[in-house]
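Here is the structure we will look at.
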Amino acid sequence: TMPGIDLNTGSRDTQQPFSSASFGWANFTELQASKGPSLVTPTKLRTIYSMPAIAERGSDLAKMQAKTSQVVYGTLSQHWSPSDRTRFEEPFGIPQDNYVKQLKGQTEGFSMSGDAFCRQNPSDCAEANLDVQYMMAMSPWTQIGYWYVPKADEHGMYTFLNDFMAQFVDDDHPPQVVSISYGMPEYLVSKAALVLFETLAMKLALQGTTILVASGDDGAASFLARKKLHGEECWSVPLIGLQVSWPSSSHWVTSVGATVGPASGQPEVVCQSNYTGPSTDGKAPLITSGGGYSQALTKPAWQEGIHNESSRGVPDVSLLGHNFAMVVGGRWLSVDGTSASAPALGGMLSLINAELIAVGRPTVGFLNQLLYKTTSRSIFSDVTEGDNRCASLGAPCCGGYDAGPGWDAVTGMGSIDWQKLRDTIMASDV
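Per the numbering used here, the very first residue in the sequence shown carries number 693; after that it's consecutive.
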């Protein structure tokens, strides 16, 4: 059988696998001592990407931000733990007033919040915890929801958008940012599902919702590169070509890739599993930033003049995706993934939405048109070193693309400067 949807995450620690009775570290100080300067924390993300300090409790700014909302998409039995979240927030001075509200799945018998569950089954909490912890860390006063869909396939993905729209159709304020850390090779998605997703995602974008999707963690060949067929590696490439991850290839989402470097004061380069330079303290990342060109979706108007292919190129932007500190099952560990980059960017956008709402303007909504404008170039720090030829760590290198000046099919336009993104959005007439 062909594999279906996959976690777009390498959220697993190679030194301390979850199967070990004492995976991870007891506290943040121990994790920090073990992981070295490349460890990513919310505090570092704020500094690296020129973000403001967290708004003071009770301040006008905090109240303004509480009028915004963001949602984490969940599937594949992924639970989140409230006690893991508060434990994670402590060392970074993140206010703990807020809580995650499950928006979907509970009434169908899927209650996905559980402290005891996450201690017993940490691998079933890694992705949801990562998404919740970082989206919340970047914008702690924003209302946050968890939307759970049990079916981890194309049907689950468009059902999510359909139900999401139905729930908020009469609502003046649908959640303004959605982060999706899951994906599947585009080849495995039916034409009907592609069309349906495009229609629904477009409607949501027009309602003012920004959809962010992790670009994948297996380079340009997708997670098929990790699957052998009759003992043969890279079998999928001659048959179906390199594969972008869907739904990150949708016209109506912002696809987010992964970089490495600035956490340890090094230049920002591609996060790739065959990299061992100074940007990672000499340890290879567990993942490779996904990217490439769609075989199913045409080039959108906003990518005209950006690249020479005739189809949608991904990703659009990138953010750090290596060595993110997090808490699972009461233990500290560090993880890699474009699925760390996407929710972190989501929280960053919520802060901008708060400022827009405060002056009576619509929320950011569909972001890509603004990102690709020539006047927006100053937002980005161009990532020009690295490639995405290899899949995640230990998997083969089946071919891919190089990073280079301007947009590329590895890191998109590059990483963002929050302050410049905020200024560009506030000055735009979109």
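The beta-carbon is built from N, C-alpha and C at its ideal position, and this holds for glycine as well. Computed from a predicted structure; not experimentally measured.
Simplified DSSP assignment, three categories, for cysteine 1082: Working through the sequence shown from its first residue, we reach residue 1082 at position 390. In this structure, cysteine 1082 counts as strand in the three-state DSSP scheme.
Buried versus exposed call for proline 729 [16 or more other C-beta atoms within 10 Å across all chains shown]: Within the sequence shown, the letter at position 37 stands for residue 729. Exposed, because fewer than 16 other Cβ atoms sit within 10 Å of the Cβ of proline 729.
Contact set for tyrosine 985: own chain, Cβ-Cβ below 6 Å, skip 5 residues either direction: As a working mapping, residue 985 is identified with position 293 in the sequence shown. These residues qualify, in order along the chain: Glu1001, Ser1003, Gly1005.
Continuous alpha helix (DSSP H) stretch holding tyrosine 1154: start and end: This structure leaves residue 1154 out entirely; the chain is present only between 693 and 1122.
Straight-line gap, glycine 797 to glycine 750 (C-alpha atoms, nearest Å): Stepping through the sequence shown from its first residue, residue 797 is reached at position 105. Stepping through the sequence shown from its first residue, residue 750 is reached at position 58. For glycine 797, the predicted structure reports a pLDDT of 44, less than 50, and the residue's modelled location is therefore unreliable. The matter cannot be settled from this model.
Under 8 Å between C-beta atoms of isoleucine 1108 and tyrosine 741: The sequence position of residue 1108 within the sequence shown is 416, counting from 1. The sequence position of residue 741 within the sequence shown is 49, counting from 1. Annotated as proximal: isoleucine 1108 and tyrosine 741, with beta-carbon spacing under 8 Å.
Coarse secondary structure for glycine 1106, derived from DSSP in three states: For the purposes of this step, residue 1106 is taken as the residue at position 414 of the sequence shown. Note: glycine 1106 maps to coil in three-state DSSP.
Spatially closest choice to glycine 982 from Pro959, Pro1007, Glu960, Lys920, by CA coordinates: Taking the first residue of the sequence shown as 1, we reach residue 982 at position 290. The shortest Cα separation from glycine 982 among Pro959, Pro1007, Glu960, Lys920 belongs to Pro1007.
Backbone secondary structure at isoleucine 1117 - three-state DSSP: Sequence index remark: in the sequence shown, residue 1117 carries index 425 (1-based). Three-state result, isoleucine 1117: helix.
CA-to-CA distance, aspartate 973 to leucine 1012, given in whole angstroms: Here the question's residue 1012 lines up with position 320 in the sequence shown. Here the question's residue 973 lines up with position 281 in the sequence shown. Rounded to whole angstroms, leucine 1012 to aspartate 973 spans 15 Å at the Cα level.
Integer Cβ distance of serine 1026 from alanine 1017, believed to fall under 8 Å: Locating residue 1026 in the sequence shown gives position 334, counting from the first residue. Locating residue 1017 in the sequence shown gives position 325, counting from the first residue. Sure, about 5 Å apart at Cβ, within 8 Å.
Cβ-based neighbour list, proline 992, same chain, cut-off 8 Å, excluding 5 preceding and 5 following: As a position in the sequence shown, residue 992 is number 300, starting the count at 1. Take proline 992, set aside five residues on each side of it, and the residues of its chain with a beta-carbon closer than 8 Å to its own are His943, Arg1004, Asn1060, in chain order.
Nearest-angstrom Cα separation, counted from valine 887 out to isoleucine 932: Residue numbering aside, residue 932 sits at position 240 when the sequence shown is read from its first letter. Residue numbering aside, residue 887 sits at position 195 when the sequence shown is read from its first letter. Whole-angstrom Cα-Cα distance: 20 Å.
DSSP-derived helix/strand/coil call for glycine 1005: As a working note, residue 1005 is residue 313 in the sequence shown. Reduced to three states, the DSSP call for glycine 1005 is strand.
Phenylalanine 1072 versus aspartate 1115: straight-line alpha-carbon distance, rounded: On the sequence shown, position 380 is the one that residue 1072 refers to. On the sequence shown, position 423 is the one that residue 1115 refers to. CA-to-CA, the gap between phenylalanine 1072 and aspartate 1115 works out to about 13 Å.
Selection from Val824, Pro783, Arg1053, Gln835 that minimises the alpha carbon distance to serine 1120: Stepping through the sequence shown from its first residue, residue 1120 is reached at position 428. Ranking Val824, Pro783, Arg1053, Gln835 by Cα distance to serine 1120 puts Arg1053 first.
First through last residue of the beta strand (DSSP E) which encompasses isoleucine 872: Position 180 of the sequence shown, counting from 1, holds the residue named residue 872. Residues 869-872.
Local conformation of aspartate 776 per DSSP, three classes: For the purposes of this step, residue 776 is identified with residue 84 of the sequence shown, where counting begins at 1. It is helical.
Short CB-CB distance (under 8 Å) between threonine 834 and chain D: Included in the structure is just one protein chain, with no chain D present.
Proximity winner among Ser956, Asp909, Ser965, relative to serine 971 (alpha-carbon distances): Reading the sequence shown from its first residue, position 279 is the one you call residue 971. Comparing Cα positions, the closest option is Ser956.
Glycine 1086 burial status per 10 Å Cβ neighbour count (16 or more: buried): As a position in the sequence shown, residue 1086 is number 394, starting the count at 1. It counts as exposed.
DSSP three-state assignment for aspartate 705, whether helix, strand or coil: Reading the sequence shown from its first residue, position 13 is the one you call residue 705. Only weak support exists for where aspartate 705 lies, its pLDDT of 40 falling under 50; the value from the coordinates is given anyway. In this structure, aspartate 705 counts as coil in the three-state DSSP scheme.
CA nearest to the CA of methionine 876, picked from Asp1079, Met894, Val936, Thr733: Within the sequence shown, numbered from 1, the residue matching residue 876 stands at position 184. Residue Val936 holds the alpha-carbon nearest to the alpha-carbon of methionine 876 among Asp1079, Met894, Val936, Thr733.
Classification of alanine 808 by the beta-carbon crowding that lies within 10 angstroms, buried from 16 upward: Residue numbering aside, residue 808 sits at position 116 when the sequence shown is read from its first letter. Result: exposed.
Environment of glutamate 722 [buried if 16+ CB atoms lie within 10 Å]: Your numbering for residue 722 matches position 30 in the sequence shown. With fewer than 16 other Cβ atoms within 10 Å, it is exposed.
Three-way DSSP call (helix, strand, coil) for glutamine 1140 in this model: Nothing can be reported for residue 1140, as the shown portion of the chain is limited to 693 through 1122.
Beta-carbon contacts of tryptophan 1110 that lie in its chain and below 6 Å, excluding the five residues immediately before and after: Taking the sequence shown and counting its residues from 1, the one referred to as residue 1110 is at position 418. For tryptophan 1110, same chain residues with a beta-carbon under 6 Å away, outside a window of 5 residues either side, are Tyr741, Ser742, Met743, Met1040 in chain order.
Continuous beta strand (DSSP E) stretch holding phenylalanine 1016: start and end: Position 324 of the sequence shown holds residue 1016. Unbroken beta strand (DSSP E) run through phenylalanine 1016: 1016-1020.
Cβ pair alanine 950, threonine 1030 closer than 8 Å: As a working note, residue 950 is residue 258 in the sequence shown. As a working note, residue 1030 is residue 338 in the sequence shown. In this structure, threonine 1030 lies closer than 8 Å to alanine 950 by Cβ.
Alpha-carbon spacing of isoleucine 786 relative to tyrosine 765, whole angstroms: Locating residue 786 in the sequence shown gives position 94, where the first residue counts as 1. Locating residue 765 in the sequence shown gives position 73, where the first residue counts as 1. Distance from the CA atom of isoleucine 786 to the CA atom of tyrosine 765, rounded to whole angstroms, is 22 Å.
Helix, strand or coil at serine 751 [DSSP, three-state]: On the sequence shown, position 59 is the one that residue 751 refers to. Taken through DSSP and simplified to helix, strand or coil, serine 751 comes out as coil.
8 Å Cβ shell around phenylalanine 784 - same chain, five flanking residues per side excluded: Here residue 784 is taken as the residue at index 92 of the sequence shown, counted from 1. Thr733, Pro734, Thr735, Ala829, listed in sequence order.
Whole-angstrom distance between valine 824 and aspartate 909, CA atom to CA atom: The residue labelled residue 909 in the question sits at position 217 within the sequence shown. The residue labelled residue 824 in the question sits at position 132 within the sequence shown. When the Cα atoms are used, aspartate 909 and valine 824 turn out to be separated by approximately 19 Å.
Pair within 8 Å by beta-carbon distance, leucine 1043 and valine 1009: Taking the sequence shown and counting its residues from 1, the one referred to as residue 1043 is at position 351. Taking the sequence shown and counting its residues from 1, the one referred to as residue 1009 is at position 317. Not in contact: leucine 1043 and valine 1009 (Cβ atoms no closer than 8 Å).
Whole beta strand (DSSP E) elements within the region 914-999, 3-residue minimum: As summarised for the region 914-999, the continuous beta strand (DSSP E) elements at least 3 residues long and confined to that stretch are 946-952, 984-990, given in chain order.
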